[in-house]
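Protein chains: 2
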Amino acid sequence: MAGEAHNQKTNPRGPDGHPEPGDGADLEREPLPSPPFQRVPERGTARRRDPLTREAIVAAALKVLDRDGLDGFSMRRVAEELDTGAASLYWHVGSKDGLLDLVFEEVIGENEIPDPDPERWQEQIKEAARALRQTIQRHRDIVRLSIGRIPMGPNAIRVSERTLAILRAGGVPDDLAVQSYLLLMSVVNGFTMDEGGFTEEEQGPEARPADEVGRMVQQYFESLPPEQFPNLTEVAGSFAMSDQGARFELLLDLFVEGLARRASERGS
Amino acid sequence: MAGEAHNQKTNPRGPDGHPEPGDGADLEREPLPSPPFQRVPERGTARRRDPLTREAIVAAALKVLDRDGLDGFSMRRVAEELDTGAASLYWHVGSKDGLLDLVFEEVIGENEIPDPDPERWQEQIKEAARALRQTIQRHRDIVRLSIGRIPMGPNAIRVSERTLAILRAGGVPDDLAVQSYLLLMSVVNGFTMDEGGFTEEEQGPEARPADEVGRMVQQYFESLPPEQFPNLTEVAGSFAMSDQGARFELLLDLFVEGLARRASERGS
DNA sequence: TTTGAAGTCGAACGATGTTCTAGCACGTAT
DNA sequence: ATACGTGCTAGAACATCGTTCGACTTCAAA
Numbered sequence: 330m331a332g333e334a335h336n337q338k339t340n341p342r343g344p345d346g347h348p349e350p351g352d353g354a355d356l357e358r359e360p361l362p363s364p365p366f367q368r369v370p371e372r373g374t375a376r377r378r379d380p381l382t383r384e385a386i387v388a389a390a391l392k393v394l395d396r397d398g399l400d401g402f403s404m405r406r407v408a409e410e411l412d413t414g415a416a417s418l419y420w421h422v423g424s425k426d427g428l429l430d431l432v433f434e435e436v437i438g439e440n441e442i443p444d445p446d447p448e449r450w451q452e453q454i455k456e457a458a459r460a461l462r463q464t465i466q467r468h469r470d471i472v473r474l475s476i477g478r479i480p481m482g483p484n485a486i487r488v489s490e491r492t493l494a495i496l497r498a499g500g501v502p503d504d505l506a507v508q509s510y511l512l513l514m515s516v517v518n519g520f521t522m523d524e525g526g527f528t529e530e531e532q533g534p535e536a537r538p539a540d541e542v543g544r545m546v547q548q549y550f551e552s553l554p555p556e557q558f559p560n561l562t563e564v565a566g567s568f569a570m571s572d573q574g575a576r577f578e579l580l581l582d583l584f585v586e587g588l589a590r591r592a593s594e595r596g597s
Numbered sequence: 330m331a332g333e334a335h336n337q338k339t340n341p342r343g344p345d346g347h348p349e350p351g352d353g354a355d356l357e358r359e360p361l362p363s364p365p366f367q368r369v370p371e372r373g374t375a376r377r378r379d380p381l382t383r384e385a386i387v388a389a390a391l392k393v394l395d396r397d398g399l400d401g402f403s404m405r406r407v408a409e410e411l412d413t414g415a416a417s418l419y420w421h422v423g424s425k426d427g428l429l430d431l432v433f434e435e436v437i438g439e440n441e442i443p444d445p446d447p448e449r450w451q452e453q454i455k456e457a458a459r460a461l462r463q464t465i466q467r468h469r470d471i472v473r474l475s476i477g478r479i480p481m482g483p484n485a486i487r488v489s490e491r492t493l494a495i496l497r498a499g500g501v502p503d504d505l506a507v508q509s510y511l512l513l514m515s516v517v518n519g520f521t522m523d524e525g526g527f528t529e530e531e532q533g534p535e536a537r538p539a540d541e542v543g544r545m546v547q548q549y550f551e552s553l554p555p556e557q558f559p560n561l562t563e564v565a566g567s568f569a570m571s572d573q574g575a576r577f578e579l580l581l582d583l584f585v586e587g588l589a590r591r592a593s594e595r596g597s
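Chains F and W, in that order, give the protein sequences.
Using our numbering, the first residue of the first sequence is number 330, and each one after it goes up by one.
Using our numbering, the first residue of the second sequence is number 330, and each one after it goes up by one.
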């Protein structure tokens, strides 16, 4: 049989930190022809790796998602990333959708929401929103994951807790705090949804400069018949130089400003 | 991969007006038994139907999407709806993504944006937003379609034109009008994204009463350890009775109110 | 040594998007 | 009338997908 005396295998229980799954994996298998008489399991069935934890699967899945996008995401690719077969994943994650749930939770956990400072609550809400936007943009197609899912994992409720802490510390009444928290999440999600992929210095394989898209939109709108689209043709220039970052700040200003007014009205 | 909106390859000729595609489709085929001697192509290869226009395909696709959702949407199901094979669709639409582009455009066309009345521009913007929300909610999973796509079809730019007309008639400066228009679309999209499916009297096959979900969320938050989640446990009650419609109106109020202030500041 | 649970994975099933290719119906030129 | 090209249909096939099944190995307890 495959005697290959492997090194000591880590304890299958206990989630040890697994910084780099499948990095130093030996690539050579056993090229020797199978013996003619006995059907020996030459490329055997089990136990030949470090034992494939759920965290390692999630990490690999996130890697595949960042690299290939949601359309290129498949269980077989995730398994390939871990040097195993797709069937092996199902013991740990149950389904592709379940795995994507875990990936989503993992990404949400990257958010850093500041500790509440009552004097600066308005700015802190904006900081939280900016952090959320950056997190979403850091990983490809994460917005598409967030649609059907109500985030309820430990990382998600930690974000909820800390965001609500800022709002309540600022004097926002409870029901208004909940409403505006939910609204903030939706609104940031919606904004980043319409931003095309990566915008900052991060660039995918196909560079898509944002201002070039804007220029194409401008040209298209200017080419429309003015008698049928008088407004579009006139404001076409404003479409070209519409800065995403500035628009996001405008959104935050509108949101926080109106929220602060309502909080102070109802507060005292 | 190829996700672009490349539809018609060799458009044969101008799109002839096809008022009602696929409405009164006759269902009967040819139930008579095949003659015994000659091998007649009874259900042969071609030419036996009303000739399968692109509009009919889009209508059938929308029907399938409403019924089965985006996950249940497949070219074979659309073809089945038209009593044909999946391969036949590709002559007209190019790809599944291209077909979904057309469906999205079709749905956008359902929006009714009012004619501009300068005295009521703020209320009219809200009306446009409400119409958009209703349109999105009327069709299942339409939000998920809107993600990668920049709507640029004739119906989409008609909506843009009419919305911009309202804003500019109200005295909003051009660049601010463009910014707030883009923002409005994102924000409404984002809001409806987080609403679970159908909310109004419209109910899918699986009734999902919204307040029951809220009650479950409340119970879950109340069960959390208070020393770790002091805010979540305290405001849990506010989660239960969070009305979607009221929250949407709050969003519109925040948006339009801040917009009007900026318009009047910069206006004169 | 025996037993049972935990975990792995090749093989296979059904469904998917898309392409290939053979074929039909019909208008036009010969 | 015959031939032909073109617009259009549709069966078959290919590669890939999510998921299941069952045989298998390993490990710890009995």
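Backbone N, C-alpha and C define an ideal beta-carbon position, used for all residues, glycine too.
Rounded to whole angstroms, how far is the Cβ of residue i from the Cβ of residue j, which I believe are closer than 8 Å?
i: residue 432 of chain F; j: residue 385 of chain F; result: Not a contact, Cβ separation roughly 13 Å.
i: residue 457 of chain W; j: residue 442 of chain W; result: 5 Å
i: residue 561 of chain W; j: residue 495 of chain F; result: Not confirmed; about 13 Å, so no contact.
i: residue 592 of chain W; j: residue 482 of chain W; result: Not really, about 29 Å apart at Cβ, beyond 8 Å.
i: residue 406 of chain W; j: residue 422 of chain W; result: Not really, about 14 Å apart at Cβ, beyond 8 Å.
i: residue 547 of chain W; j: residue 565 of chain W; result: 5 Å
i: residue 439 of chain F; j: residue 464 of chain F; result: 5 Å
i: residue 387 of chain W; j: residue 435 of chain W; result: 5 Å
Please list, in chain order, the chain W residues whose beta carbon lies closer than 7 Å to that of residue i.
i: residue 571 of chain F; result: 507, 508, 511
i: residue 504 of chain F; result: 567
Using a C-beta cutoff of 8 Å, does residue i count as contacting chain W?
i: residue 494 of chain F; result: yes
i: residue 486 of chain F; result: yes
i: residue 568 of chain F; result: yes
i: residue 580 of chain F; result: yes
i: residue 528 of chain F; result: Note that residue 528 of chain F has pLDDT 36, beneath the 50 cutoff, so the model's placement of it is unreliable and the number below is only indicative. No, residue 528 of chain F lies away from the interface with chain W (no Cβ there is under 8 Å from its Cβ).
Does any CB atom of chain F fall closer than 8 Å to the CB of residue i?
i: residue 427 of chain W; result: no
i: residue 440 of chain W; result: no
i: residue 522 of chain W; result: yes
i: residue 586 of chain W; result: yes
i: residue 405 of chain W; result: no
i: residue 515 of chain W; result: yes
i: residue 598 of chain W; result: Because chain W is modelled from 330 through 597, residue 598 of chain W falls outside the range shown and cannot be assessed.
i: residue 583 of chain W; result: yes
i: residue 394 of chain W; result: no
i: residue 431 of chain W; result: no
i: residue 351 of chain W; result: Its pLDDT being 29, under 50, residue 351 of chain W is placed unreliably in this model, and the value from its coordinates should be taken loosely. No, residue 351 of chain W does not count as interfacial toward chain F.
Report the neighbours of residue i on chain F: residues whose CB is nearer than 7 Å to its CB, in chain order.
i: residue 490 of chain W; result: 558, 560, 561
Against residue i, what residues of chain W qualify as contacts under a CB-to-CB distance less than 8 Å, listed in chain order?
i: residue 576 of chain F; result: 508, 511, 512
i: residue 519 of chain F; result: 515, 516, 517, 518, 519, 520, 522
i: residue 381 of chain F; result: Those within 8 Å of residue 381 of chain F in chain W number zero; the least Cβ separation is about 28 Å.
So with CB distances below 9 Å, who are the chain F contacts of residue i?
i: residue 497 of chain W; result: 560, 563, 564
Between which two residues does the alpha helix (DSSP H) containing residue i stretch?
i: residue 453 of chain F; result: 450 to 467
i: residue 481 of chain W; result: Segment: none, residue 481 of chain W is in no alpha helix (DSSP H) and carries neither H nor E.
i: residue 417 of chain W; result: 415 to 422
i: residue 518 of chain F; result: 503 to 523
i: residue 568 of chain W; result: 565 to 569
i: residue 395 of chain F; result: 383 to 397
i: residue 551 of chain F; result: 539 to 551
i: residue 558 of chain F; result: That residue, residue 558 of chain F, is in no alpha helix (DSSP H); it is neither H nor E in DSSP.
i: residue 426 of chain F; result: 425 to 437
i: residue 411 of chain F; result: Where residue 411 of chain F is concerned, there is no enclosing alpha helix (DSSP H), given that its DSSP letter is neither H nor E.
i: residue 471 of chain F; result: 471 to 474
Practice prompt. Can you give me, in chain order, the residues of the region 457 to 479 of chain F that have a beta carbon less than 9 Å from any beta carbon in chain W?
Written response: Under the 9 Å Cβ criterion, the region 457 to 479 of chain F contributes 470, 472, 473, 475, 476, 477, 479.
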